[in-house]
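In the working numbering, each residue's number is its place in the sequence shown (first place is 1) plus 27.
One structure is given here, and the rest of the page talks about it.
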Amino acid sequence: MAIVSRRELKKVVHPHYILNVLLASSYIILKTLPPMCSFLFSSCNLDHRELEIMVYTAIVVIFRTRKQGAVNLLPYLGTACMLIKMGNVVLYFYSDPVYGLIFIVFCLLHLLLLPEPSYQGPENVVYFKSTDLEEEIQRNKRVSWLIELYAPWNPACIDFASVFSELSAR
């Protein structure tokens with residue numbers, strides 16, 4: 028079995044993920060490519076402090092994604108890009124506060140205009156309120172239920188919702 032499935036690779040081609048990776052890699056691209064770096068920055072090389080910030084960001088990304096324990100590529104990609112963009116905010120502010128504010132505006136526009144795509148496939152999920160669940164279990168005791176306690180504010184629940192929906196359709 029492959030580490031990354033074809034279905035996940037098709038999802039990565041979505042504009043949200045492409046722009047997310049571009050925003051995450053924007054600082055290093057703009058700082059090292061000669062036509063843009065000479066126009067935007069005083070030097071086309073990364074100084075010692077910028078390298079320290081990048082290494083620290085990389086360490087945070089490694090530990091946070093390892094701790095996350097997701098089963099798909101997309102949660103790892105989303106977490107890594109979010110943390111790298113936070114490091115980029117520090118790097119842009121280090122170069123020029125105006126660049127930092129512009130980068131934050133781009134990140135907010137990305138968040139508002141291209142949100143992360145949700146699962147669009149078939150599902151057979153029943154949503155219960157507190158009293159409905161107990162009534163449904165008492166009504167038919169022959170049915171086996173697979174229950175997910177879902178919290179829309181929890182990233183782990185959001186990541187697992189598509190897997191749960193796919194399982195429910197089987």
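Just so you know, even glycine gets a beta-carbon here, dropped at the ideal spot from N, CA and C.
Distance from the CA of leucine 78 to the CA of asparagine 115, rounded to the nearest whole angstrom, comes to 12 Å. In the structure shown, the three-state DSSP call for serine 195 is helix.
For lysine 94, the enclosing alpha helix (DSSP H) begins and ends at 75 to 95. About 11 Å separates the Cβ atoms of valine 39 and cysteine 108, ruling out a contact at the 8 Å cut-off. Per DSSP, reduced to three states, the secondary structure at glycine 127 is helical. Of all alpha-carbon atoms in Glu175, Tyr54, His41, the one lying nearest the alpha-carbon of lysine 112 is that of Tyr54. Between valine 152 and phenylalanine 191, the C-beta gap is smaller than 8 Å, which places the two residues in contact. Taking 8 Å as the cut-off, the Cβ atoms of tyrosine 121 and arginine 76 count as close.
Across the structure, asparagine 99 and valine 170 are spaced so that their CA atoms are roughly 30 Å apart. With fewer than 16 other Cβ atoms inside 10 Å of its own Cβ, proline 142 counts as exposed. DSSP, read as helix, strand or coil, puts arginine 166 in helix.
Across the structure, isoleucine 45 and proline 144 are spaced so that their CA atoms are roughly 12 Å apart.
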